[in-house]
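Let me begin by presenting the structure, written as structure tokens, before commenting on it.
Chains as they are written, first to last, in my numbering: chain A, 1 to 446; chain B, 1001 to 1446.
What follows is the structure, given as structure tokens:
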């Protein structure tokens, strides 16, 4: 193995650093942490671990929210943070090829030089590998799509050490079965990514961001549905409720008004953005919108989105002793207002202070709340709350997770959500990872 | 079985009708043709066929171009044309649920009442089931994406008779493995679709279509790359070369100029379309474009796209004794001009009259040619031509098929294109269809 002694750690500090993620899920120590430098290193680690019947846990930056990276069955954590090279940027093909440890900020810094950007923006500055792994999305998805829509090719090390490519560099293909979309969102249960080719976009000629308040969350949500039905190609449309806004103001020292608010952004040419804005304003006024405010420059625009991206941290930093739980259902747009109302009412019933934020253009919303992980009553109470939200989503033919993934936290809902299709997923896991080598007991397992 | 005698045919006429597709591939008779009326019928047919060890071939309208539906191993053709109900149209969710036998024209007729449209438009008026099966695309894909981008849920009858749903009605999901994208493009090798939920779009406020000529194919292709890099959200951008244009004029009695031509379309609000058009014209003038002509009304616009959609029929009807061969590679945009030039030069070397048309915004182009299926020398010559085009595409990290699928015609390239990933695909086929019941020897088989 080329990894070398200097990249293999058995010490308590390293093991502890890789024992948890950003969520309330219980930590657990791995046996060893390894930092590969190349795909050959990854292959060696996989083969060695398999020969000792040790489990493997791919790790990016540990920003997951459902315990995805926690090594509950001991074994080897593979930390990809040193495989963080941007291998090529190809403006002509609008593609970039990177190693899995590249972070989204790092990628966008580099792309900016070419007038390009990478569209997927979860709250955390996650690694691209982690984002592929959970099929992450974010505020831009309503226009640009989720992680699955960006992945053109993955290099993957399989359980037997074989290295495959799941796709190619063409815009579309009807050749064989689609493996890109199978490996995206597999949460490290089918293999380790060692390289990824992703779609990027030209920075739009004109970008306008703004915010608008509503008297009720209901009005805000219905206005979003109306805007989308009108076909306005909004680039971002994010809901933030009063509780979340309060936490944001405390955390960022901002003075956003404390009412249900939409943060919006429009991308295009100056004429189209002007038209879209005016059309959007006129629709939203039918839903009692007040105080449309546009960012006057790039700095104000950045501050707006910085505040939005930090909502989760605004919560978790407000009570450092507690840990974060974030629900993540996604429902059909026609059920969104009702689902959010249900989440608010249920929080009241459970005496939980939950903030609601949402990628409402996608029908995806989060209830954010803090929980003392050592208080079993509190844990049981918030778990019951989460469960009711999920059940509501499944009843309207939605999903238990829109973008955070299953990890360990959502495993219990897969049977109910997928029915017999879960057996198909498990048969695929069995075919590709028969010894359950990769990230056991997460997402799909056997 | 509820199918009933009246829906089961053993006669020569029915068997012959289901022995071929629209391509040059050799016909072969099935044992029997069955027309199910419901998913329960499909399940009964699958179970019965499996119990007799008979193969199953799902069939839409037989418009495939690589022999996908031909029953080379005898057995049962399931013709879905009588399962052609539009089950629901949901403007609020921008979703439609249909049975697989619905055709794209039928669907768009219905959607028009709601101000909606379905975006995928292959040349043929195919069934939606067939389009899902091959991951079809068409002229609109550059803006709206391919079939995979439209499928939100499929109801599928598996080899053991289990009926599953591959997705849900939410815009996005990170729950479990992605089965939607696995079943889309599987070409009937993993199961039979009995219901599908698809994304639809609002008919844009403003649509402008037009055409523009270039002195060379090279200029035309480079202008497309430049337009896409500039981020102009063109809705359709189609290349038609002189030979194809001649066939089009003969077939449709039109008088399009005989030079390399782009057919274009812009969707949006009046302001943005105006801006995009002007920007596009100015870019294209750098590539020596001449004679920008815009359709003055809807009738002229329809005539334009009718001509484009009928290019393949313009060829096949020009020499009824011969059969159609259509190449279908897709390459990275940066290699498109070179790939098309290579296809033209190679046609000259092989003394083949091949027309080139292309969804150039996607890097996907077709060489259309006619072949006498009874002349083995001619067949060998065009096969060698096709092979050179495919090999070029694979060398630049493209794919052997951008939208037509593998069928039997492209099977021989899968090893070269996918390498060890082909083994992964086969392991999935083995896991889901261990007895090779569905559409054997097409696409992925064991």
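Ideal placement from N, C-alpha and C gives every residue a C-beta, glycine not left out.
Here the structure is a predicted model, which is why all the values come from computation and not from measurement.
{"Asked": "Please classify residue 1321 (chain B) as buried or exposed, where buried requires at least 16 other C-beta atoms within 10 Å of its C-beta.", "Found": "exposed"}
{"Asked": "Answer with buried or exposed for residue 1052 (chain B), where buried requires no fewer than 16 other C-beta atoms within 10 angstroms of its C-beta.", "Found": "exposed"}
{"Asked": "Are there 16 or more other CB atoms within 10 angstroms of the CB of residue 1061 (chain B), so buried, or fewer, so exposed?", "Found": "buried"}
{"Asked": "Can you find the residues in the same chain that come closer than 7 Å, C-beta to C-beta, to residue 1269 (chain B), ignoring five residues on each side of it along the sequence?", "Found": "1205 and 1206"}
{"Asked": "One question on the structure: do residue 156 (chain A) and residue 164 (chain A) come within less than 7 Å of each other, judged by their Cβ atoms?", "Found": "yes"}
{"Asked": "Cβ of residue 1132 (chain B) less than 7 Å from any chain A Cβ?", "Found": "no"}
{"Asked": "Could you check if residue 1010 (chain B) is buried or exposed, using at least 16 other CB atoms within 10 Å of its CB as the buried criterion?", "Found": "exposed"}
{"Asked": "Taking three-plus beta-carbon pairs below 8 Å as touching, is the stretch 240-255 of chain A in contact with the stretch 176-189 of chain A?", "Found": "no"}
{"Asked": "Rounded to whole angstroms, what is the Cα-Cα separation between residue 1001 (chain B) and residue 1126 (chain B)?", "Found": "Any answer about residue 1001 (chain B) is weak, because its pLDDT of 49 lies below 50 and its placement is not dependable; what the coordinates show is given next. If I take the Cα positions, the gap works out to 28 Å."}
{"Asked": "Select from B:1314, B:1435, B:1263 and B:1342 the residue whose C-alpha is nearest the C-alpha of residue 1244 (chain B).", "Found": "B:1314"}
{"Asked": "Under the assumption that residue 360 (chain A) contacts residue 280 (chain A) (Cβ atoms under 8 Å), give the Cβ distance between them as a whole number of angstroms.", "Found": "So it is not a contact: roughly 14 Å between Cβ atoms."}
{"Asked": "Could you please give the first and the last residue of the uninterrupted alpha helix (DSSP H) stretch that includes residue 353 (chain A)?", "Found": "It is not in any alpha helix (DSSP H) - residue 353 (chain A) carries neither H nor E in the DSSP assignment."}
{"Asked": "Taking the beta strand (DSSP E) that residue 1211 (chain B) belongs to, which residues open and close that run?", "Found": "1206-1213"}
{"Asked": "Which of helix, strand or coil does DSSP assign to residue 1058 (chain B)?", "Found": "strand"}
{"Asked": "Just grab the DSSP bridge partners of residue 193 (chain A) for me.", "Found": "A:156"}
{"Asked": "Can you tell me which of the three DSSP states residue 346 (chain A) falls into?", "Found": "helix"}
{"Asked": "How is residue 444 (chain A) classed by DSSP in three states: helix, strand or coil?", "Found": "coil"}
{"Asked": "7 Å is my cut-off, CB to CB: does residue 70 (chain A) come that close to chain B?", "Found": "no"}
{"Asked": "For residue 336 (chain A), name the three-state secondary structure that DSSP assigns.", "Found": "helix"}
{"Asked": "Pairs of beta-carbons, one from the stretch 165-180 of chain A and one from the stretch 1318-1333 of chain B, closer than 8 Å: are there three or more?", "Found": "yes"}
{"Asked": "Please state whether the Cβ-Cβ distance between residue 1036 (chain B) and residue 1018 (chain B) is less than 7 Å.", "Found": "no"}
{"Asked": "When Cβ atoms are compared, which residues of the stretch 258-273 of chain A fall closer than 9 Å to chain B?", "Found": "268, 269, 270, 271, 272 and 273"}
{"Asked": "Does DSSP put residue 118 (chain A) in a helix, in a strand, or in coil?", "Found": "coil"}
{"Asked": "To the nearest angstrom, how far is the alpha carbon of residue 1424 (chain B) from that of residue 1310 (chain B)?", "Found": "38 Å"}
{"Asked": "Could you tell me the alpha carbon to alpha carbon distance between residue 142 (chain A) and residue 418 (chain A), rounded to whole angstroms?", "Found": "25 Å"}
{"Asked": "In angstroms with no decimal places, state the Cα-to-Cα distance between residue 1367 (chain B) and residue 1395 (chain B).", "Found": "18 Å"}
{"Asked": "Compare the Cα-Cα distances from residue 122 (chain A) to each of A:111, A:135, A:397 and A:110 and report the closest residue.", "Found": "A:135"}
{"Asked": "For residue 1001 (chain B), decide whether its Cβ has a neighbour in chain A, counting only Cβ atoms nearer than 7 Å.", "Found": "In this prediction, residue 1001 (chain B) has a pLDDT of 49, which is less than 50 and means its spatial position is unreliable; nothing more can be read from the coordinates."}
{"Asked": "Which residues in chain B have a C-beta closer than 8 Å to the C-beta of residue 419 (chain A)? List them in chain order.", "Found": "1164 and 1165"}
{"Asked": "Does the Cβ of residue 1298 (chain B) have 16 or more other Cβ atoms within 10 Å, making it buried, or fewer, making it exposed?", "Found": "exposed"}
{"Asked": "For the candidate residues B:1114, B:1209 and B:1307, whose alpha-carbon lies nearest to that of residue 1249 (chain B)?", "Found": "B:1307"}
{"Asked": "So the alpha helix (DSSP H) residue 1293 (chain B) belongs to, where does it begin and stop?", "Found": "Where residue 1293 (chain B) is concerned, there is no enclosing alpha helix (DSSP H), although the beta strand (DSSP E) it sits in stretches over 1290-1294."}
{"Asked": "Return the Cβ separation of residue 213 (chain A) and residue 290 (chain A) in integer angstroms, given the expectation that the two are a contact with Cβ distance under 8 Å.", "Found": "5 Å"}
{"Asked": "With residue 111 (chain A) and residue 209 (chain A) assumed to form a contact (beta carbons below 8 Å), what rounded beta-carbon distance in angstroms separates them?", "Found": "Not really, about 19 Å apart at Cβ, beyond 8 Å."}
{"Asked": "Residues in the stretch 1275-1302 of chain B with C-beta within 9 Å of chain A's C-beta atoms, listed in sequence order?", "Found": "1275, 1276 and 1279"}
{"Asked": "Would you list the residues sitting across from residue 1306 (chain B) in a DSSP beta bridge?", "Found": "In the DSSP output, where bridge partners are listed per residue, residue 1306 (chain B) has none listed."}
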